[in-house]
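*Asks:* My questions all concern the structure below.
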Amino acid sequence: MTTATTLMDPLAEAARIGPTLRRNAAQADRDGRLPAEAVQALHDAGFFRLYVPHSLGGAELDPLTYARAQQELARHDPAAAWVLQAAGSGAW
Numbered sequence: 022m023t024t025a026t027t028l029m030d031p032l033a034e035a036a037r038i039g040p041t042l043r044r045n046a047a048q049a050d051r052d053g054r055l056p057a058e059a060v061q062a063l064h065d066a067g068f069f070r071l072y073v074p075h076s077l078g079g080a081e082l083d084p085l086t087y088a089r090a091q092q093e094l095a096r097h098d099p100a101a102a103w104v105l106q107a108a109g110s111g112a113w
């Protein structure tokens, strides 16, 4: 799990959780939402805190690196990348 004191490499984290996302992609398509396992993997890896400032426990990621992280997630499951975009737009 990523914390405020842990530096996150979003591309490496996306590759690390990629198998979990791929494993759940078909169910996400059937259900019209990400399965809990995929959401938990995104959460545990710190993806929902990428735009959050360091002072609030986030990664304070720049938009270009954020986009690259979305691209890497999309290689494994496009729906997961879309969820990251939707969640991040509010934080940004």
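Numbering (the working numbering), first residue to last: 22 to 113. All C-beta atoms, glycine included, are put in the ideal place defined by N, C-alpha and C.
#1: Pull up the CB-CB distance for ALA62 and LEU42, whole angstroms please, since I reckon it's below 8 angstroms.
#2: Please confirm if the segment 83 to 102 is in contact with the segment 32 to 49, defined as three or more CB-CB distances below 8 angstroms between the two stretches.
#3: Can you confirm whether the segment 46 to 58 touches the segment 70 to 89 when touching is taken to mean that 3 or more C-beta pairs between the two stretches lie within less than 8 angstroms?
#4: Indicate whether GLN31 and ALA107 have their beta-carbon atoms separated by less than 9 angstroms.
#5: Measure how close the beta-carbons of ALA90 and ALA35 come, nearest whole angstrom, since I'm counting them as under 8 angstroms.
#6: Using a Cβ-Cβ cut-off of 6 angstroms (strictly less than) and excluding sequence neighbours within five positions of THR23, which residues of its own chain qualify?
#7: Using only alpha-carbon positions, find the residue among GLY109, ALA33, ALA47 that is nearest to PRO84.
*Replies:* Here's the rundown:
#1: 7 angstroms
#2: yes
#3: no
#4: One point to set straight first is that residue 31 is Pro, not Gln, in the sequence displayed. No; because the gap between Cβ atoms is not below 9 angstroms, this pair is not in contact.
#5: 6 angstroms
#6: The predicted position of THR23 is uncertain, since its pLDDT is 45 and thus under 50; a value taken from the coordinates is nonetheless stated next. Contacts found: MET29, GLY67.
#7: The option with the nearest alpha carbon to PRO84 is GLY109.
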